[in-house]
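Structure first, then comments.
In our numbering, the protein residues as written are 493 to 1014.
Encoded structure:
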């Protein structure tokens, strides 16, 4: 073990001479002091086997990541031969590899790492690194492997990493990275491995990633990525693993993915993808692992269904899709009962939402919801007698667990029924007497009163300019601006009929006092 300091030693040799006479004499024969010294501090100026810039970059990394507490720090900042330091590999007088994975690094990456311009391999995974990825790493154009996964890195993925033209593997998974996936990564034409999984990335996957035709493994799961899966991903002719689960992807699966003949593992579990699974997926003959669960998929065709049954047997058990076989039956003048076949996926909460319209195809308004997805019927009440209604139903599943998405299925088939005619209802009759006199410039008011089954609705088929009526209460208000005779028609309506009242309002000038008051008496 190297010691920087040696403690002072003072050795005093005492020779005790026993005199023949019986007396004792103590003589100090010699005193030796070892000179205290400190080992010289490490200096990159004393290093000759690599460049000074490389040495300083290593020194900065050690100091920035709590090097004194590394799991293995053999020779770091102790010897003047950095090529013997733990995890360092040199070639041609430069640092070409730096492998410090699982070594207790804690802190931020110094920007001077970008000075290691001959670096071909950088492995810093399984540490406790924090802060942002230095954008300058994008200048290390000899780099073939960049592994920073399983740390606590934050910030966005630097677009400058798109300049690593020789990179084969970019592993950034299991950090706390945010923001969008930069389109510049699409320039990494030699990339075979791309791992951005288990971060907090958002936004769509850029279509430029479709240029990564050498890609063999792409992990993007456990993020908040959204939008559609780009059809250009069908260019990944060498890919064997495509892992996109636990995101917010929506829309349809692109049929072009069916051409990925080398694909062995494919998962889009826990997204918001919907509609028919492409029939081209039967071409994915190399698939050993397929997971389509917890989306809104359907499938048709015997060949595709047989393929899915073999590759992902329970895929259909967790799809939030529309219920089938919806029917409607009249119950009374005010209610209609709906029945349907529930979906297979009844777990994880949710319900069926019922909507109705009075015209085929909508617009539909919500009439209620069931208590769960096990329900197979629902009675809609409060309807208008002698009216045909058109109904649709859709399924709802809330977000839960690793499923980030709230899922609404498409609507079911439309079913219709007509409520009965209610003979107990009576049409309206207006019984109030209108006010037919008014003065110019003075407020006019008339409260229309009608008998009949409620609810009643009031309107003015004919009215002078400026006159209004409250549709619910029948209160008429108006301030006439001119004199004359004005025709008015009031209408009261309910579900079984209507009644009108017509009258004329005569508007006169407002009286004015023209006489002068008597101000004195004789």
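Just so you know, even glycine gets a beta-carbon here, dropped at the ideal spot from N, CA and C.
Check whether residue i and residue j have beta carbons under 8 Å apart
i           : j           : result
residue 629 : residue 646 : no
residue 635 : residue 659 : yes
residue 672 : residue 695 : yes
residue 873 : residue 904 : no
residue 907 : residue 825 : no
residue 899 : residue 808 : no
residue 593 : residue 618 : yes
residue 887 : residue 865 : yes
residue 721 : residue 736 : yes
residue 815 : residue 856 : no
residue 960 : residue 977 : no
residue 680 : residue 656 : yes
residue 663 : residue 639 : yes
residue 556 : residue 602 : yes
residue 949 : residue 935 : no
residue 552 : residue 598 : no
residue 803 : residue 789 : no
Contact belief for residue i with residue j at Cβ below 8 Å, rounded distance in angstroms
i           : j           : result
residue 890 : residue 842 : 6 Å
residue 607 : residue 563 : Incorrect: roughly 25 Å between the Cβ atoms, too far for contact.
residue 792 : residue 768 : 6 Å
residue 654 : residue 674 : 7 Å
residue 913 : residue 877 : 6 Å
residue 990 : residue 969 : Rounded, the Cβ-Cβ distance is 22 Å, inconsistent with contact.
residue 836 : residue 829 : Not really, about 23 Å apart at Cβ, beyond 8 Å.
residue 868 : residue 833 : 7 Å
residue 641 : residue 665 : 4 Å
Burial state of residue i (16 or more Cβ within 10 Å)
i            : result
residue 574  : buried
residue 1090 : Past the edges of the chain, shown from 493 to 1014, lies residue 1090, and the structure says nothing about it.
residue 692  : exposed
residue 550  : buried
residue 561  : exposed
residue 852  : exposed
residue 987  : buried
residue 745  : buried
residue 813  : buried
residue 1010 : exposed
residue 980  : buried
residue 957  : exposed
residue 811  : buried
residue 1003 : exposed
residue 690  : buried
residue 540  : exposed
residue 612  : buried
Contact set for residue i: own chain, Cβ-Cβ below 7 Å, skip 5 residues either direction
i           : result
residue 707 : 683, 684, 686, 728, 730, 731
residue 513 : Low confidence applies here, because residue 513 scores a pLDDT of 37, under 50, leaving its location unreliable; read the following figure in that light. Nothing listed; no residue qualifies.
residue 543 : 585, 586
residue 750 : 770, 772, 773, 775, 776
residue 923 : 941, 942, 943
residue 714 : 689, 690, 738
Helix, strand or coil at residue i [DSSP, three-state]
i            : result
residue 1034 : Any property of residue 1034 remains undetermined from this structure, which presents the chain solely from 493 to 1014.
residue 648  : coil
residue 826  : coil
residue 438  : This structure does not reach residue 438, given that the chain is present from 493 up to 1014, and the question cannot be answered.
residue 1002 : coil
residue 530  : For residue 530, the pLDDT reaches just 49, beneath the cut-off of 50, and the residue's location in the model is therefore unreliable, although a value from the coordinates is still provided. Correct three-state label for residue 530: strand.
residue 1008 : coil
residue 995  : strand
residue 631  : helix
residue 707  : coil
residue 518  : Low confidence applies to residue 518: its pLDDT is 38, below 50, so where it sits in the model is not reliable, and the reading given next is rough at best. DSSP places residue 518 in strand when its eight states are reduced to three.
residue 592  : coil
residue 1076 : The displayed coordinates of the chain run from 493 to 1014. Any statement about residue 1076 would go beyond what the structure contains.
residue 818  : strand
residue 732  : coil
residue 900  : strand
Minimum Cβ-Cβ distance from residue i to chain D less than 8 Å
i           : result
residue 763 : Any reference to chain D falls outside this structure, which holds one protein chain only.
Cut-off 6 Å between Cβ atoms - residues of its own chain near residue i, not counting five sequence neighbours on either side
i           : result
residue 918 : 944, 945
residue 882 : 849, 852, 906, 908
residue 566 : 578
residue 994 : 981
residue 951 : 983
residue 723 : 746, 748
residue 920 : 942, 944, 948, 984, 986, 991
Same chain only: Cβ atoms within 8 Å of residue i, ignoring 5 sequence neighbours per side
i            : result
residue 718  : 694, 695, 696, 739, 740, 741, 742
residue 1001 : 931, 932, 975
residue 610  : 546, 583, 584, 586, 587, 588, 634
residue 858  : 845, 846, 847
residue 548  : 536, 604, 607
residue 778  : 732, 753, 754, 755, 756
heavy atom of the ligand NAD below 7 Å from residue i C-beta
i           : result
residue 993 : In the structure shown, the ligand NAD is absent, as is every other ligand, since no ligand is present at all.
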